[in-house]
Amino acid sequence: MRVIDEALRSAIHELFGLTDVDPQLSRPDEHFGDYTTNIALRLVKQLGQSPQTIADRLSASLQKDLKGIIEHVTVVKPGFINFKLSDKTLFTLAEAVPEKRFIDQQIVVEYSDPNPFKILHAGHLYTSVVGDAIANLFELAGAQVYRVNFGGDVGLHVAKTMYGIIQELGGEHPERLSTVSINQRSAWLSSRYVEGNSAYEAGDPAKAAIVSINHRIYKLHEDDDHQSPLARIYWQCRQWSYDYFADFYNRIGSHFDKYYPESETAPLGVQTVREQLQRGVYAQSDGAIIFKGEPYGLHTRVFINSNGLPTYETKDVGLIMAKWRDYHFDQSIVITANDIVEYMKVVLKSVEQFAPNLAQATTHITHGIVKLTGGVKMSSRLGNGLLATAVLDAAAAANRATTGIDNPGTTLAAVKYAFLKQRIGADIIYDPVSSVSLNGNSGPYLQYAHARARSIMQKSQKTTPKSGGPRQAVLEPEERRLLSKIVQYPDVVEQAVDELLPHYICTYLYELAQLFNHFYEHNQVIGSERQTLRLCLVERYATVLEKGLMVLGIAAPGRL
RNA sequence: GCCCGCGUAGCUCAGUGGAUUAGAGCGAUUGUCUUCGGAACAAUAGGCCGUAGGUUCGAAUCCUACCGCGGGCACCA
């Protein structure tokens, strides 16, 4: 609420001669008013006056300055200053939109990051949903957002899968791939990975064979080889993976502007790391090239192994360089699970040594992992992980059981909302049955709440002539409560953008919908003397709900 | 061992320095309703906010120690 914020600042300046004091307006419990500040409490020491006195003086001054905008200012107990807006102000604010604080910024958001030759797990679904929401938040704040995806199409895991494939095909026989049916491809690759991994862990000779394949795959990229039997198998299966990813993203409504395969970032990373080795950023050790993190309170990591191959670290260095080359970003956001927090610190610290601007513009946001009820952790190496599609299928089954029909939109809303309503950072406990419940604080509840409101509007158009509303009418208490909540939307979005926490939007939308359902239960809209005014409230409410759900990547159809 | 993160109702989570009653949802118990779409609304029960100290006018929130859980700590990603 900018007007109050500015009035407070100037009052503090006039009365106490202080500048640069942030009043920190916030939303109090409803009965205290629409906005509140504890600035009087915080100025006690500095001013040597009692909080009550400070609050009283500010209050008296603001009462005059904000005449017409607020209905009244009140000072409560230790020294809180509470503001109740005038009805007229509430109507004005209902048209406000979130501040565009990232206008003209180029922001790269990287997320999802599945590896070709492996299968998509529940974690990929979660990180995709979170990434979409965060990208949407930046977009809402005016930024030019580029959604990018990074994945390992080279590296040991690929070599393991390739080993499994070659075993399964009885040699390097690309033509035999045709025996794998289209809808079996992703599962088939996943099985080959599991086999390759066990073979690797069992040791030589398989391990040596896999290491050799790993080299050959890097070489194949260097030579741009598409003809040799190994290359034909590789490119074919790589494409299967990308097709499979595309289907999945299509199903959940994600899209990416660019895909960075590791085969592309690896050479760039190697070149950068070798250059910086000369300048002493990286160091040789036991035949490998490393970065020593200890001077910075971090740990040492290998960037190029003693076989001369780049590790994930170097590919990430290359990725940062590639993103900069392509977008000259103002900010680069990387969203991953928590387990690579320390790892990423080392990578960024190394980049900071030669490209401080890039390191400083990069923010690593991490979230927890998806666990099954009972705390069972999944492992892709063991092949017992909870698959991304299994989550969606479980949600669909629950939806079907509840409603009797199959509604993919509702299913997706249920899953996305279940993931997003929780603060990013901690693990998510996924219960295939209850987390997808269609009651209570859920996506379907909000979709329903929206459709219900749209339905009222539609009905009103049929039954009554349209007319411009008396928008300055005096609000009844329940109408006012609703409008006051509606008006909060831009504040919530700004907070979500500032802290990059989409769950603030979920919490707000749910509270809003609850408030509306309460209102709706007790107040007639159509046929009421106050119909025009109330329809206006219904419209604002439905629009805010729709916009908010859109940020979360959840559709808000007019009818379900 | 060292480093990082997390411990809030039976379960899943909000709340991350403020308002003498710590909030939701689910589950449990019970009401409302011949519905402007009941996927609703209303009510009851359930918590010394991991433990112990400390800082502060004021702590679930900040600091310290301890306990418990998870993650990371050189050639995987």
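Residue numbering for the first sequence follows the working numbering, starting at 2 and increasing by one per position.
The C-beta atom is built at its ideal place from N, Cα and C for all residues, glycine as well.
Identify the continuous alpha helix (DSSP H) that holds SER242 and give its terminal residues. Along the first sequence, read from residue 1 onward, the residue named residue 242 stands at position 241. Per DSSP, SER242 belongs to the alpha helix (DSSP H) from 230 to 253.
Alpha-carbon spacing of LEU502 relative to ILE366, whole angstroms: Reading the first sequence from its first residue, position 501 is the one you call residue 502. Reading the first sequence from its first residue, position 365 is the one you call residue 366. Straight-line Cα distance between these residues: approximately 10 Å.
Runs of alpha helix (DSSP H) lying entirely within the stretch 57 to 136, each at least 4 residues, in chain order: 88 to 94
Let's see if you can read the secondary structure: which residues bound the beta strand (DSSP E) around GLY152? Locating residue 152 in the first sequence gives position 151, counting from the first residue. Looking at the DSSP string, the run of the beta strand (DSSP E) that includes GLY152 is 145 to 152.
Sorted by chain position, which residues of the same chain lie with C-beta nearer than 7 Å to CYS238's C-beta, five sequence neighbours on each side aside? As a first step, residue 238 must be located in the first sequence, where it is residue number 237. Excluding sequence neighbours, CYS238 sits near PHE118, ILE166, LEU190.
Is VAL475 helix, strand or coil when you go by DSSP? For the purposes of this step, residue 475 is taken as the residue at position 474 of the first sequence. Three-state result, VAL475: coil.
I'd like to check one pair, VAL155 with TYR219: are the Cβ atoms closer than 7 Å? Within the first sequence, residue 219 is the residue found at index 218, counting from 1. Within the first sequence, residue 155 is the residue found at index 154, counting from 1. Closer than 7 Å, so yes.
Just how far apart, CA to CA, sit VAL4 and ASP66? The sequence position of residue 4 within the first sequence is 3, counting from 1. The sequence position of residue 66 within the first sequence is 65, counting from 1. Computed Cα separation, rounded: 10 Å.
Backbone CA spacing between ARG58 and ASP35 [nearest angstrom]: Within the first sequence, residue 58 is the residue found at index 57, counting from 1. Within the first sequence, residue 35 is the residue found at index 34, counting from 1. Answer to the nearest angstrom: the Cα atoms are 20 Å apart.
What does the Cβ neighbour count give for ALA454, buried or exposed, with the cut at 16 atoms within 10 Å? Against the first sequence, residue 454 aligns to sequence position 453. Per the 10 Å Cβ criterion, buried.
Round the Cβ separation of THR312 and VAL303 to the nearest angstrom and send it over; I've been treating them as touching at under 8 Å. Translated into the one-based positions of the first sequence, residue 312 becomes position 311. Translated into the one-based positions of the first sequence, residue 303 becomes position 302. Indeed, because the Cβ distance is near 6 Å, the residues count as touching under 8 Å.
Indicate the three-state DSSP secondary structure (helix, strand or coil) for ILE429 in the structure shown. Counted from its first residue, the first sequence places residue 429 at position 428. DSSP places ILE429 in strand when its eight states are reduced to three.
Pick out whichever of PHE330, ILE506, HIS368 has its Cα sitting closest to the Cα of ASN358. Translated into positions along the first sequence, residue 358 becomes position 357. The candidate whose alpha carbon is nearest that of ASN358 is PHE330.
Kindly list the residues whose CB is nearer than 6 Å to the CB of GLY270, restricted to its own chain and excluding five residues on each side of it in sequence; keep chain order. On the first sequence, residue 270 is found 269 positions in, with the first residue counted as 1. So the list reads PRO311, THR315, LYS316, VAL318, GLY319, once near-sequence residues are dropped.
Just mark MET551 as buried or exposed, buried being the case when its beta carbon has 16 or more other beta carbons within 10 Å. For the purposes of this step, residue 551 is identified with residue 550 of the first sequence, where counting begins at 1. That one is exposed.
For PRO99, count neighbouring C-beta atoms within 10 Å of its own C-beta (all shown protein chains included) and say buried if the count is 16 or more, exposed if not. As a first step, residue 99 must be located in the first sequence, where it is residue number 98. When all chains shown are included, PRO99 counts as buried.
Same chain, Cβ closer than 7 Å to LYS460, five either side skipped, listed in chain order: Start at 1 with the first residue of the first sequence, and residue 460 comes out as number 459. Around LYS460: ILE527.
Relative to the alpha-carbon of GLU96, which residue among ILE555, LEU561, GLU540 has its alpha-carbon at the smallest distance? Indexing the first sequence from 1 puts residue 96 at position 95. Nearest of ILE555, LEU561, GLU540 to GLU96, Cα basis: GLU540.
Span separating the alpha-carbon of LEU178 from that of ASP226: Here residue 178 refers to the residue found at position 177 of the first sequence. Here residue 226 refers to the residue found at position 225 of the first sequence. Those two C-alpha atoms are separated by around 19 Å.
Length-filtered (3 minimum) beta strand (DSSP E) runs lying within the stretch 17 to 63: 36 to 38
With respect to the alpha helix (DSSP H) encompassing ARG193, which residues constitute its N-terminal and C-terminal limits? In the first sequence, the residue the question calls residue 193 occupies position 192. DSSP places ARG193 inside the alpha helix (DSSP H), whose first and last residues are 186 to 203.
Length of the line joining the Cα atoms of ARG28 and VAL494: Here residue 28 refers to the residue found at position 27 of the first sequence. Here residue 494 refers to the residue found at position 493 of the first sequence. ARG28 and VAL494 have their C-alpha atoms roughly 14 Å apart.
Burial state of GLU547, where buried means 16 or more other Cβ atoms lie within 10 Å: What you label residue 547 is simply residue 546 of the first sequence in a count that begins at 1. Buried: at least 16 other Cβ atoms inside 10 Å.
Thinking C-alpha only, which one of SER62, ALA61, PHE84 is nearest GLU72? As a first step, residue 72 is located in the first sequence; it is residue number 71 there, counting from the start. It is PHE84 whose Cα lies nearest to the Cα of GLU72.
Should the stretch 107 to 116 be called in touch with the stretch 336 to 343, which here means at least 3 C-beta pairs below 8 Å? yes
So is GLY153 buried or exposed if we call it buried at 16+ other beta carbons inside 10 Å? Position 152 of the first sequence, counted from the first residue, corresponds to residue 153. With 16 or more neighbouring CB atoms inside 10 Å of its own CB, GLY153 falls in the buried class.
Could you give the DSSP three-state label for PRO262: helix, strand or coil? Position 261 of the first sequence, counted from the start, is the residue given in the question as residue 262. Three-state DSSP puts PRO262 in a strand.
For PRO311, does the three-state DSSP call read helix, strand or coil? Position 310 of the first sequence, counted from the first residue, corresponds to residue 311. Reduced to three states, the DSSP call for PRO311 is strand.
Selected residue, minimal CA-CA separation from VAL212, among ASP287, LEU388, GLN47, LYS161: Residue mapping note: residue 212 aligns to position 211 of the first sequence, counting from 1. Ranking ASP287, LEU388, GLN47, LYS161 by Cα distance to VAL212 puts LYS161 first.
Consult DSSP for LYS326 and reduce its assignment to one of helix, strand or coil. As a first step, residue 326 is located in the first sequence; it is residue number 325 there, counting from the start. Per the sequence shown, the amino acid found at residue 326 is Arg instead of Lys. ARG326 falls in the helix class under three-state DSSP.
Taking one C-beta from the stretch 265 to 285 and one from the stretch 122 to 137 each time, how about it: are there three or more such pairs within less than 8 Å? no
Coil, strand or helix - GLN285 by DSSP: Reading the first sequence from its first residue, position 284 is the one you call residue 285. The answer is strand: DSSP assigns GLN285 an E or B state.
State the CB to CB distance for the pair ARG482 and LEU516, rounded to an integer number of angstroms; the pair is presumed to be in contact (CB under 8 Å). Locating residue 482 in the first sequence gives position 481, where the first residue counts as 1. Locating residue 516 in the first sequence gives position 515, where the first residue counts as 1. Going by Cβ atoms, the distance from ARG482 to LEU516 rounds to 6 Å, so yes, they are a contact pair.
Less than 7 Å between the beta carbons of VAL371 and ALA396, yes or no? In the first sequence, residue 371 corresponds to position 370, counting from 1. In the first sequence, residue 396 corresponds to position 395, counting from 1. No, Cβ-Cβ distance for VAL371 and ALA396 is not below 7 Å.
At the level of alpha carbons, what is the spacing between ASP21 and ALA41? Within the first sequence, residue 21 is the residue found at index 20, counting from 1. Within the first sequence, residue 41 is the residue found at index 40, counting from 1. Distance between the alpha carbons of ASP21 and ALA41: 15 Å.
Backbone CA spacing between SER380 and TYR505 [nearest angstrom]: In the first sequence, residue 380 corresponds to position 379, counting from 1. In the first sequence, residue 505 corresponds to position 504, counting from 1. Its pLDDT being 47, under 50, SER380 is placed unreliably in this model, and the value from its coordinates should be taken loosely. About 31 Å.
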